[in-house]
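**Student:** Take a look at the following structure, please.
Set out below in structure tokens:
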């Protein structure tokens with residue numbers, strides 16, 4: 059007990075020391091850690107305009123939710139002293155929620171395992187660097203885990219409210235509504251090995267209605283903060299129209315940089331639909347284990363969303379610790395790890411060669427984002443096939459499993 063507390067205290071102290079180190083302030087400008095929708099500097103600019111009576115949504119740079127404007131203008135004002143503490147608090151909230159999810163799923167009182175999960179979340183390089191860059195993606199990840207933890211505990215109203223908050227910060231979170239609602243109804247217990255059908259689909263309607271009410275109430279609140287209803291186009295609309303083509307680790311920006319404007323609406327619709335079409339099939343396939351369905355959907359959204367950051371991949375990799383039953387069935391963990399290592403080296407290198415030294419071009423950086431997408435795709439597909447393989451059970455002696 060003492061060693062665990064000492065270790066956790068050391069982790070927190072080390073994180074604070076890193077967050078206050080002035081040499082790491084340049085991370086706030088890193089396009090891999092902060093997107094136009096999660097940038098800390100853009101958030102500060104919006105707060106400054108808001109506090110001085112200027113509508114931050116009249117320009118084209120501020121795309122954060124009005125809820126963040128109110129939060130960081132009143133309750134938690136941002137400064138060089140308070141900001142590292144606030145971001146660390148959100149990371150700790152996410153880490154504790156992750157441990158709660160694992161406990162709810164396994165019902166095991168393994169404090170050592172909980173400490174490992176918390177440490178993995180706080181030290182995951184993708185998560186750590188995004189937090190040091192003060193990207194609001196860290197807040198989104200904490201809310202994702204908080205909503206899942208409440209759903210695992212059967213606290214439906216808290217889970218749906220947290221999901222509604224998350225939706226206001228990141229519109230693709232609406233795709234988690236179905237698996238989170240199923241998780242509330244079915245519980246988090248591991249059922250990959252014993253799949254059973256879910257017959258109470260009508261019970262989803264009140265939960266989805268409650269979630270919609272929360273989103274509506276928060277939208278009214280956001281409109282009162284922003285002084286009108288023009289903010290959704292600048293925030294939610296950015297996920298659908300891709301107005302800012304700042305390079306990022308995602309797959310969208312390069313396509314739409316090279317694309318003729320005539321074809322833009324069609325491909326915007328195609329890319330958006332592609333991200334959404336997996337929700338219903340995965341929720342139906344894993345209706346016996348909605349937590350695993352939510353996990354896979356989180357990975358797909360992080361891969362295919364228009365403005366991803368490294369924190370999205372970090373959340374998916376960290377959540378793998380909640381599903382120890384699939385470890386023995388993973389086929390390509392080494393390949394996935396090497397691809398992540400390869401892409402994590404290429405991304406900053408090619409970004410610097412292109413935009414800082416001018417010795418490369420956009421193809422250099424986009425090639426590294428394709429390697430990063432391949433790494434995430436391998437991780438998602440490997441976890442997906444492992445989850446399906448658990449349902450087949452162990453192979454009896456003398457039997458051979460043949461994939462048809």
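Residue numbers (the working numbering): 59 to 462.
Don't be surprised by glycine CBs; every beta carbon is placed ideally from N, CA and C.
How about residue 390 and residue 182: are their beta carbons less than 8 Å apart?
**Tutor:** No. Outside cutoff.
**Student:** Who are the Cβ neighbours of residue 431 in its own chain at under 7 Å, not counting the five residues just before and after it?
**Tutor:** The residues are 309 and 361.
**Student:** Would DSSP call residue 257 helix, strand or coil?
**Tutor:** Correct three-state label for residue 257: coil.
**Student:** Please go through the same chain and pick out, in chain order, the residues whose beta-carbon is closer than 8 Å to the beta-carbon of residue 134, but skip the five residues on each side of it.
**Tutor:** Excluding positions up to five away in sequence, the list reads 140 and 144.
**Student:** Please classify residue 287: does DSSP put it in a helix, a strand, or coil?
**Tutor:** If DSSP states are grouped into helix, strand and coil, residue 287 belongs with coil.
**Student:** Note the first and the last residue of the continuous alpha helix (DSSP H) segment covering residue 105.
**Tutor:** Counting along the chain, the alpha helix (DSSP H) containing residue 105 begins and ends at 98-109.
**Student:** On the CB-based measure, 16 or more other CB atoms within 10 Å of its CB, does residue 241 come out buried or exposed?
**Tutor:** Per the 10 Å Cβ criterion, buried.
**Student:** Just mark residue 258 as buried or exposed, buried being the case when its beta carbon has 16 or more other beta carbons within 10 Å.
**Tutor:** Exposed, since its Cβ has fewer than 16 Cβ neighbours within 10 Å.
**Student:** Would you check if there are 3 or more beta carbon pairs closer than 8 Å linking the segment 334-347 to the segment 363-377?
**Tutor:** At 8 Å Cβ cutoff, the stretches do not touch.
**Student:** Note the first and the last residue of the continuous alpha helix (DSSP H) segment covering residue 332.
**Tutor:** Unbroken alpha helix (DSSP H) run through residue 332: 322-334.
**Student:** For residue 81, does the count of other Cβ atoms within 10 angstroms reach 16, so buried, or fall short, so exposed?
**Tutor:** It counts as exposed.
**Student:** When you compare only the Cα positions, how much space is there between residue 445 and residue 428?
**Tutor:** Computed Cα separation, rounded: 25 Å.
**Student:** By alpha-carbon positions, which one of 96, 187, 439 and 117 ends up nearest to residue 402?
**Tutor:** Among 96, 187, 439 and 117, the Cα nearest to that of residue 402 is on 187.
**Student:** Could you check if residue 350 is buried or exposed, using at least 16 other CB atoms within 10 Å of its CB as the buried criterion?
**Tutor:** Residue 350 should be labelled buried.
**Student:** When you compare the segment 104-113 with the segment 188-200, are there three or more beta-carbon pairs, one atom per stretch, that lie closer than 8 Å?
**Tutor:** Not touching, per the Cβ criterion.
**Student:** Do residue 276 and residue 223 count as a contact pair if the criterion is CB distance below 8 Å?
**Tutor:** Result yes, Cβ atoms of residue 223 and residue 276 sit closer than 8 Å.
**Student:** Would you call the segment 206-214 and the segment 116-128 touching, i.e. three or more CB-CB distances under 8 Å?
**Tutor:** Judged by Cβ distances under 8 Å, the segment 206-214 makes no contact with the segment 116-128, as fewer than three pairs qualify.
**Student:** For residue 353, report the span of its alpha helix (DSSP H) as first-last.
**Tutor:** Where residue 353 is concerned, the enclosing alpha helix (DSSP H) stretches over 348-362.
**Student:** Hey, could you find the ends of the alpha helix (DSSP H) residue 143 is sitting in?
**Tutor:** Residue 143 -> alpha helix (DSSP H) spans 140-164.
**Student:** Consult DSSP for residue 119 and reduce its assignment to one of helix, strand or coil.
**Tutor:** Coil.
**Student:** May I have the straight-line CA-CA distance separating residue 313 from residue 358, to the nearest angstrom?
**Tutor:** About 19 Å.
**Student:** May I have the straight-line CA-CA distance separating residue 102 from residue 153, to the nearest angstrom?
**Tutor:** Taking the straight line from one Cα to the other gives about 26 Å.
**Student:** Judging by CA-CA distance, which residue of 372, 394 and 414 is the nearest neighbour of residue 203?
**Tutor:** Ranking the options by Cα distance to residue 203, first place goes to 372.
**Student:** Output needed for residue 178: all residues of its chain with C-beta closer than 7 Å, excluding positions within five of it in sequence on either side, in chain order.
**Tutor:** The residues are 376 and 379.
**Student:** Rounded to the nearest angstrom, what separates residue 171 and residue 334 at their Cα positions?
**Tutor:** Cα-Cα distance, rounded: 34 Å.
**Student:** Please go through the same chain and pick out, in chain order, the residues whose beta-carbon is closer than 7 Å to the beta-carbon of residue 226, but skip the five residues on each side of it.
**Tutor:** For residue 226, where only same-chain residues beyond five positions count, the Cβ hits under 7 Å are 123, 125, 276 and 280.
**Student:** In the DSSP assignment, the alpha helix (DSSP H) including residue 416 goes from what residue to what residue?
**Tutor:** Element bounds for residue 416: n/a, residue is neither H nor E.
**Student:** Using a threshold of 8 Å, state whether the C-beta atoms of residue 466 and residue 209 are closer than that.
**Tutor:** Missing from the structure shown is residue 466; the chain here goes from 59 to 462 and no further.
**Student:** Do residue 301 and residue 118 have their C-beta atoms closer together than 8 Å?
**Tutor:** Taking 8 Å as the Cβ cut-off, residue 301 and residue 118 qualify as a contacting pair.
**Student:** To the nearest angstrom, report how far apart residue 160 and residue 267 are at their CA atoms.
**Tutor:** Taking the straight line from one Cα to the other gives about 28 Å.
**Student:** Got a sec, what are the start and stop residues for the alpha helix (DSSP H) residue 449 sits in?
**Tutor:** Here residue 449 belongs to no alpha helix (DSSP H), and DSSP marks it neither H nor E.
**Student:** Quick one: Cα of residue 387 to Cα of residue 253, how far?
**Tutor:** Near 17 Å, if we compare the C-alpha coordinates of residue 253 and residue 387.
**Student:** When the distance is taken between beta carbons, is residue 62 closer than 8 Å to residue 169?
**Tutor:** Cβ atoms of residue 169 and residue 62: closer than 8 Å.
**Student:** Once you ignore the five residues that flank residue 294 on each side, which residues in its own chain have a CB closer than 7 Å to its CB?
**Tutor:** If we look at residue 294 and ignore the five residues flanking it on each side, its Cβ neighbours are 229.
**Student:** Which stretch, first to last residue, makes up the alpha helix (DSSP H) that contains residue 295?
**Tutor:** Note, residue 295: alpha helix (DSSP H), 294-299.
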